[in-house]
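Report on the following structure.
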Amino acid sequence: IVGESYRWPHTIPYVLDDSLEMNARGVILNAFERYRLKTCIDFKPWSGEPNYISVFKGSGCWSSVGNRRVGKQELSIGKGCDRIATVQHEFLHALGFWHEQSRSDRDDYVSIIWDRIISGKKNNFESYDDRQTDSLNVPYDYSSVMHYSKTAFQNGSEPTIVTRIPDFMDVIGQRMDFSDSDILKLNQLYNCSSSLSFMESCDFELENVCGMIQSSEDSADWQRVSQVPEGPESDHSNMGRCKGSGFFMHFNRSSVNEGATAMLGSRILYPKRGFQCLQFFLYNSGSEYDQLNIYVREYSAASVNRTLTLVEEIKDVPIGSWQLYHVTLKVTNKFRVVFGGVRGAGASRGGLSIDDINLSETQCPHHVWHIRNFTQLIGSPSGSVYSPSFYSSKGYAFQIRLNLSSLPNVGMYFHLISGANDDQLEWPCPWQQVTMTILDQNPDIRQRMSNKRSITTDPFMTTGNGDYFWDRPSKVGVQDFFPNGTQFQRGRGYGYSVFMTHERLKSRDFMKGDDVYILLTVEDISHLNTTQNEPTPTLGVNDLCTNFKCENDGICILHNGKAECRCPSGEDWWYMGERCEKRGSTRDTIVIAVSSTVAVFAVMLVITLVSVYCTRKKYHQETSSKTANMTLENQHA
Amino acid sequence: LPTPEIFDVDGGIDQDIFDINEDLGLDLFEGDIRLDGVQERNS
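Each protein sequence line maps, in turn, to chains A and B. Under my numbering, the residues of the first sequence are numbered 17 to 653, in order. Under my numbering, the residues of the second sequence are numbered 5 to 47, in order.
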């Protein structure tokens, strides 16, 4: 939207209204994390700023466009809107974005089929000129999260929007994540060049290897190569799609003796949040006794010797493919991440290879389900594939079910299963939010459009026969067996029959080398079941403000050592008084002005009438007395 | 009725934002934009 007044500050104050569903609350916070990773926009709980976004469960999913400067600006995440990309979409509206296909140049890229649009809805397909919208020199973006889908407002089954390049027909209307152009546009609109949580991404395509350094205190070096005879045959970034390119770093075990090490350190990194997730792909073509150690080398005033701390040891059986790894770090000083290859026993050739490293100040997923030979599973007779069993951080055992047989859709469901901790756990399982992500394996975390959906266990939810849906699986589940023959009970599944389409799953980098990764996080979100409508007082204000309550959502602040109220106001209304107890509005002012005018007019009228009456009366009396004493003469002169 | 083995949150339909709002009978600008008097565009 054109106009600087519509911009928000880079950190947007928000309130999550009590009306929001628990699942929606978690999803909204996840959407904020995507903003923090890919853009310079951050969010903070409202603490009295003049304008803020109040997210609530209204009817439907909607937002205003831009900062309306009305104090509390509402954004609705209603039933069915608790999807991360939908929240991203609505917040992009709030940040000042219109829909992509309303751009002035859209007719050059898509055709609107007017007779397929529902009667009375054609106005939704108007385009606007550059007095109202600015595309910021970014090309038309079919893959924008702000683009209508091809079926928007259709009156039948035929598409209402036809892309001029047919390949994009199934791209428009993606509700997965920001596109590259969405991010470019947002970062231009808000003049930003960095994000809060992104730190580093390296695919080793450039010879400078992203500023990584070889240690001088080890016995070997990592080498930048494009293939190794024993494997891998190609890097992970390009998977052999580009001849002559595609590099990774390799530690050749055959060139060193047992116990030899090679240390490769990242450039120096500066943390802001104090927690990090390191993600990379590893290929072991050597021995099962080889090891990759992940270290952190911290630089701080206290540690003059640049402390090297071992964070994780990774031992992997050579399986002939790239494998995804996550390592959680908690670093607060400037640091380097160090990859240490260690040659173990055994005479095999090959070695360790790493590629597509990403470091961000985000939470790592709790579990990774790596599905190999994925295309063989599509159309399998059983139709459903179950993940291995996993345990949540609270101790709940669970499985994920992937349904591949219901073409054209891929379904995904979460099942609680019986586990070792069941006697110690709370049942029905309360407020665990499960986030299931099909990973877009783009080498750069900022360019990924992973498909992510969440569900939350509601302990009060019941089934048709009166059982609690999330009760103990040994009580409400059905019996099944693990591949090793162990018996267990599986509860009912809860999820999405249309998690994504097969067509979309084949797009981008969801499938790479016939491998698919499903990332899983199960976290307790009970703490979100609290009210957040009071502004957070600043330090020191609390004591003086304890006995000084402001009415009508006013904020107590310290001014010259005294507690005072700052009262909320909008475009045409405000609260005033010592405690914001009085309400004012422009309408009141008009009413006062008009009533004053009328009153003055009435008073003046009364005074005039009285004056006229008195004058006339006096004149009449004088005339009568003169007439009585007068002798009339020459009456008929 | 017995509850099926799996429960579909979306009822088997992948509803876009505009479909959700349409089903609710909302008449929002371009399907999901709330306009106020000041910014009203010619629709």
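The C-beta atom is built at its ideal place from N, Cα and C for all residues, glycine as well.
| Asked | Found |
| --- | --- |
| For the segment 497–515 of chain A, which residues have a beta carbon sitting closer than 8 Å to at least one beta carbon of chain C? | This model lacks chain C altogether, as its protein chains are A and B. |
| Figure out for me which residue from A:L152, A:L53, A:V31 has the closest Cα to the Cα of G19 of chain A. | A:L152 |
| May I ask which residues mark the beginning and end of the beta strand (DSSP E) holding T10 of chain A? | There is simply no residue 10 of chain A to check, as chain A begins at 17 and stops at 653 in what is shown. |
| Please report the straight-line C-alpha distance between G275 of chain A and I229 of chain A, rounded to a whole angstrom. | 21 Å |
| Take G600 of chain A as the anchor and find which of A:A609, A:S585, A:V610, A:S611 has the nearest alpha-carbon. | A:S585 |
| Would you identify the three-state DSSP class for H252 of chain A, choosing helix, strand or coil? | coil |
| Identify whether K60 of chain A lies in helix, strand or coil by the three-state DSSP scheme. | strand |
| Go to N425 of chain A, then tell me how far its beta strand (DSSP E) extends in each direction, as first and last residue. | 425–433 |
| Between the segment 511–520 of chain A and the segment 485–501 of chain A, do at least 3 Cβ pairs fall closer than 8 Å? | no |
| Spatial neighbours of L36 of chain A within its chain, please: CB distance less than 6 Å, with the 5 preceding and 5 following residues excluded, ordered by chain position. | K73 |
| Going by C-alpha to C-alpha distance, which of A:A236, A:L368, A:G501 sits closest to F296 of chain A? | A:L368 |
| Under 7 Å Cβ-Cβ, which residues of chain B neighbour T102 of chain A? | I21 |
| Within 10 Å of its beta-carbon, does E106 of chain A have 16 or more other beta-carbons around it, so buried, or fewer, so exposed? | buried |
| Tell me whether W78 of chain A sits in a helix, a strand or coil according to DSSP, three-state version. | strand |
| Examine chain B for any beta-carbon lying closer than 7 Å to the beta-carbon of W590 of chain A, and answer yes or no. | no |
| Considering Cα atoms alone, identify which of A:N500, A:V187, A:F430 is closest to R508 of chain A. | A:F430 |
| For the structure I just gave you, are there three or more beta carbon pairs, one from the segment 41–58 of chain A and one from the segment 199–207 of chain A, closer than 8 Å? | yes |
| Quick one, are the C-beta atoms of R464 of chain A and D474 of chain A less than 7 Å apart? | no |
| For a quick check, are the C-beta atoms of V538 of chain A and Q448 of chain A less than 7 Å apart? | yes |
| Looking only at its own chain, which residues have a Cβ that is under 7 Å from the Cβ of S542 of chain A, when we skip the five neighbours before and after it? | P446, W447 |
| Residues in the segment 409–435 of chain A with C-beta within 7 Å of chain B's C-beta atoms, listed in sequence order? | Y429 |
| Taking the alpha-carbon positions, what's the H226 of chain A to C380 of chain A distance? | Residue identity differs from the one stated: residue 226 of chain A is Cys in this sequence, not His. C226 of chain A and C380 of chain A: Cα-Cα distance of roughly 22 Å. |
| Using the Cβ count rule (16 or more neighbours within 10 Å means buried), how would you classify E377 of chain A? | buried |
| Could you name the residues that DSSP lists as bridge partners for V401 of chain A? | A:L418 |
| By a C-beta neighbour count over all protein chains shown, 10 Å radius and 16 as the cutoff for buried, is C566 of chain A buried or exposed? | buried |
| Let me know if A361 of chain A comes out buried or exposed under the rule of 16 or more other beta-carbons within 10 Å of its beta-carbon. | exposed |
| Counting only C-beta atoms, is V384 of chain A closer than 7 Å to chain B at any point? | no |
| Compile a chain-ordered list of the residues in the segment 59–86 of chain A whose CB is closer than 9 Å to at least one CB of chain B. | S75, G76, C77, W78, S79, S80, V81, G82, R84, V86 |
| Could you run through the segment 143–169 of chain A and flag, in chain order, every residue whose CB is less than 9 Å away from some CB of chain B? | Y144, Q148, Y164, S165, T167, A168, F169 |
| Which chain B residues sit within Cβ distance under 9 Å of H9 of chain A? | Residue coverage of chain A in this structure runs from 17 to 653, which leaves residue 9 of chain A outside it and unanswerable. |
| Run through DSSP, which three-state label would I373 of chain A get? | strand |
| Would you report the Cα separation of S173 of chain A and D525 of chain A, rounded to the nearest angstrom? | 30 Å |
| Kindly give me the distance between the Cβ atoms of N83 of chain A and Y158 of chain A, rounded to whole angstroms, as I take these residues to be in contact under 8 Å. | Not really, about 28 Å apart at Cβ, beyond 8 Å. |
| List the residues of chain B that A171 of chain A touches, going by C-beta distances under 7 Å, in chain order. | The sequence shown places Asn at residue 171 of chain A, not Ala. By Cβ distance, chain B contributes nothing, its closest Cβ being about 11 Å from N171 of chain A, past 7 Å. |
| By a C-beta neighbour count over all protein chains shown, 10 Å radius and 16 as the cutoff for buried, is Q503 of chain A buried or exposed? | exposed |
| Between G96 of chain A and chain B, is there a C-beta pair that is closer than 7 Å? | yes |
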